[in-house]
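Q:
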Amino acid sequence: MPLRPSRARGLLDGIPHRGAAAAGYRAAPECDGEPIATYAGMLARGERPDAYTFPSLLKAVARAPPSCARGGGAVAAAVHTHVLKFGMERSPHAASALVSAYAAGGGGASARALLDACGCGMSVAWNALISGHCRGKRFGESCLSFADMVRDGVTSTPVTYVSVLSACGKGRDLLLGAQVHKRVVESGVLPDLKVENALVDMYAECADMESAWKVFDGMRVRNVVSWTSLVSGLAGLGEVDRAREVFDRMPERDVVSWTAIIDGYVQAAWFREALEMFRQMQYSNVRADEFTMVSVITACAQLGALEMGEWTRVYMSRQGIMMDVFVGNALIDMYSKCGSVERALEVFKDMHNRDKFTWTAIILGLAVNGHGEEAIDMFHRMIRVSEAPDEVTFIGVLTACTHAGLVDKGREFFQSMIHSYKIAPNVVHYGCIIDLLGRAGKITEALETIDQMPMAPNSTILGSLLAACRVHGNLDIGELVAKRLLELDPENSMVYILLSNMYAKSNRWQDVRQLRQAIMEKGIKKEPGCSLIEMNGMIHEFVAGDQSHPLSKEIYSKLENVIADLKNVGYYPDITEVFVQVAEEEKHNTIYWHSEKLAIAFALLRSEPNTVIRIVKNLRMCLDCHNAIKLISRLYGREVVVRDRTHFHHFRHGFCSCKDYW
DNA sequence: GAATACGTGA
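Residue 71 in the UniProt record's numbering sits at position 71 of the first sequence, with consecutive numbering throughout.
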């Protein structure tokens, strides 16, 4: 095992002769470069570091951006060089810190070698190994290290238990967690607040709430951490209501508890509740931090709440909250999901540290907003800076090919993903390929691909092929796909809508009637359409036919005027996708009152002229709304962005970015 | 004064 650090890259090279800044280490704004500069200054003054210097230095560089040193524990190695230079390798303090840093940075072998060599303060060094692996997200390694420690007969301390329990929880290893619990009880370290908290958290992370409560109830002393573990455990199980009850019962709440409940709402897709909790948090005198803001920005993204998303940046600068890589990534995603690629790109360009999430977010953002070629360029840039793409990155790349109509390129990327990057395609990747082929009109090939997939197609895949059949007028395969789709998902009202649309297009009115009959008989209900629009920081929700908005009267009369205007330029309502069994005239009303039309009427009433109208819809847009909005964008000179369940529609000058394919 | 518990992103 190498005890000498292998090629340490950059981080502390040149110290003490030059300052830290000249040493190839340029602290990014969110990265605290202070301790390194301090260390450099110390050496420059001829002072010798002592046993405590290196642990604090390592703590500081643990937060260094990955671009400074990547993999294999290079950061640890850089510091290791200095430790050796000053002959401090026998210091248990320095050695333990190094073990931890090596393990965290992926230098498991070096960490182990160092541990075996240092021999003193055994428990602490083992603890460092276990927790280091945990910090590096290698939970299995962490657990194995604990097993080795036990086998070597090294005494476990409370810190050992806390570290290994944390690894069990994060690695979802309930079996080992329960075994450690037994040892904890036998060891006699209880009662110990931190160990008990680690137990509660381990059980909560492993979704065993019963055991978590049992430990919690048995605790003589509890603190905010004990409570927060329960809150996040419940939230993680999707039981956000119960999480909220526990949250409300907590004797005190800190920023972590608040973030846990806010994020719980986000994970449960209760985005408005998440924002409401954030509002309450501001009243509670607990300051938000980067973690909180990531959840808040995510909620804004999902709601399409661009104004509020923008406001978070003002808020963060006022509150002194750093824009770290997590926040930056969340912002990129938020702008993308609000249909504002330009702003997403601005954030991307301003980011000093980027990781694979950053690249993936911008690739996806460009791709779904119809900038396929630029997305592919980004992918190549990502490869050039040696950031390794993963399966999500390829979803972005394949989506980009779909949007740019690059069938062959998409196929190439799919192959290179499998063979060069050794990523096994999942059902989503196949979905992209089906979409790619379907969109290009290669319906037969798409169907063949579905049948050759190593997994069963889901309703998304079949649905995308059905949509392709509609656009390309392939009724034969369309009927086939619809049948398979209904076997999979009998309540799927979209199937009937698309199929009926195709029948109508081929003048098969008898089939249209039969389809309608079938729907009536089966009692299939269409999920109500719902559109969100943000206005002056408020999120307004419209459901089809909904009259609950305070300005309802004005909105409906505005809508009537708009429809009259549209009819003057040749609009005629398209009711081929209307399924309720009512008179023709009422069918017209049904589509006039679709939620996105109400939202647009509201926007035309209340928003500033020339501003972009942004709507988020829960379902696929209907044909009629798509036609109507194209005309509205031309007639009123307004840009409209609609994000529906699967696509972005950027309407400008009478055209839609989806080129009528969705 | 080394190792330790709760909440982040595509």
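Using N, Cα and C, we set each Cβ at its ideal position, and we do this for glycine too. The structure displayed is predicted, hence computed values, not measured ones.
With distances taken Cα to Cα, identify the nearest neighbour of I632 among A274, E596, Q452.
A: When each option's Cα is compared against that of I632, the closest is E596.
Q: Nearest to K59 by alpha carbon, out of R45, V75, M455?
A: If we check each option's Cα against that of K59, V75 comes out closest.
Q: Among all the DSSP beta bridges, which residues are the ones paired with F648?
A: DSSP, once it has assigned bridges, lists R643 as partnering F648.
Q: Can you name the start and end residues of the alpha helix (DSSP H) that V180 belongs to?
A: Segment 174-187, the alpha helix (DSSP H) holding V180.
Q: Using a threshold of 7 Å, state whether the C-beta atoms of G438 and A468 are closer than that.
A: Contact flag set, yes.
Q: How would you call D660, buried or exposed, if buried means at least 16 neighbouring beta carbons within 10 angstroms?
A: Exposed, by the Cβ-count rule.
Q: Taking the straight line between their C-alpha atoms, what separation do you get for G328 and A367?
A: C-alpha separation (whole angstroms): 19 Å.
Q: Report yes if the C-beta distance between A103 and L115 is below 7 Å; otherwise report no.
A: Against a cut-off of 7 Å, the Cβ pair of L115 and A103 comes out as no contact.
Q: For a test of the three-state rule: what should DSSP assign to E541, helix, strand or coil?
A: E541 falls in the strand class under three-state DSSP.
Q: Flag this pair as yes or no: are the beta carbons of G169 and E205 separated by less than 7 Å?
A: Closer than 7 Å, so yes.
Q: What number of angstroms, rounded off, separates the C-alpha of I497 from the C-alpha of I519?
A: If I take the Cα positions, the gap works out to 10 Å.
Q: Can you grab the Cα-Cα spacing for the pair F379 / N197, in whole Å?
A: For F379 and N197, the distance between alpha carbons rounds to 43 Å.
Q: Given a cut-off of 7 Å, decide if M277 and I321 are closer than it, judged by their beta-carbon atoms.
A: Cβ distance not < 7 Å, so I321 and M277 don't count as in contact.
Q: Out of S166, D511, A603, which one is the CA nearest neighbour of E534?
A: Closest by alpha carbon: A603.
Q: How big is the Cα-Cα spacing for Q302 and P49?
A: Taking the straight line joining both Cα atoms gives about 50 Å.
Q: Spatial neighbours of G136 within its chain, please: C-beta separation below 7 Å, excluding the five flanking residues on both sides.
A: Only A103, A104, G105, G106 meet the Cβ criterion.
Q: Can you tell me where the alpha helix (DSSP H) with M202 in it begins and where it stops?
A: Start and end: 193-205.
Q: Give the DSSP-derived three-state secondary structure of E527 in the structure shown.
A: If DSSP states are grouped into helix, strand and coil, E527 belongs with coil.
Q: For the 8 Å Cβ check, are there 3 or more pairs between the region 524-534 and the region 603-620?
A: At 8 Å Cβ cutoff, the stretches touch.
Q: Output the residue ranges of the beta strand (DSSP E) runs that lie fully inside the region 579-640 and measure 3 residues or longer, sorted by chain position.
A: DSSP runs (the beta strand (DSSP E)) wholly in the region 579-640: 613-617.
Q: Our contact map puts L98 next to H82 with C-beta atoms below 8 Å; I'd like the distance itself, whole angstroms only.
A: Rounded, the Cβ-Cβ distance is 10 Å, inconsistent with contact.
Q: Quick check: the Cα distance between E448 and L465, rounded to an integer number of angstroms?
A: In a straight line, the C-alpha of E448 is about 11 Å away from that of L465.
Q: If you drop the 5 nearest sequence neighbours on each side, which residues of the same chain put their C-beta closer than 8 Å to that of G171?
A: Around G171: F139, G140, S142, C143.
Q: Which class does L190 belong to by DSSP, given the choice of helix, strand or coil?
A: L190 falls in the coil class under three-state DSSP.
Q: Cutting at 7 Å between CB atoms, please list the residues of its own chain near V215, excluding the five before and the five after it.
A: Cβ neighbours of V215 beyond the five flanking positions: E196, L199, V200, Y203.
Q: Are at least three pairs of beta-carbons, each pair with one atom in the region 393-409 and one in the region 353-370, less than 8 Å apart?
A: Counting Cβ pairs under 8 Å, three or more are found: they touch.
Q: Whole angstroms are fine: how far does the CA of E290 sit from the CA of W270?
A: Computed Cα separation, rounded: 20 Å.
Q: Name the DSSP bridge partner or partners of E445?
A: The partner list for E445 (beta bridge, DSSP) is empty, contrary to what the question assumes.
Q: Nearest to G304 by CA position, among F655, R652, H650, R643, is which residue?
A: Checked all of F655, R652, H650, R643; the closest Cα to G304 is R643.
Q: Buried or exposed for W258, please, with buried defined as at least 16 other CB atoms from any protein chain shown within 10 angstroms of its CB.
A: With 16 or more Cβ atoms within 10 Å of its Cβ, W258 is classed as buried.
Q: Checking the sheet assignment: what are the DSSP bridge partners for F655?
A: Partner(s): R652.
Q: Quick check for students: name the residue ranges of the alpha helix (DSSP H) that lie wholly in the region 267-312, counting only runs of 4 or more.
A: Whole alpha helix (DSSP H) segments, 4+ residues: 271-283, 290-303.
Q: So, S96 versus I130, is the Cβ gap smaller than 7 Å?
A: Not in contact: S96 and I130 (Cβ atoms no closer than 7 Å).
Q: Among the residues of its own chain, which have a CB less than 6 Å from the CB of residue 702, if the five just before and after it don't count?
A: Outside the shown range of the chain (1 to 662) lies residue 702, about which nothing can therefore be said.
Q: List the residues that DSSP assigns as beta-bridge partners of I533.
A: I533 is bridged to H540.
Q: Specify the secondary structure class of L237 as computed by DSSP and reduced to three states.
A: Looking at L237 - three-state DSSP - the assignment turns out to be coil, as it is neither helix nor strand.
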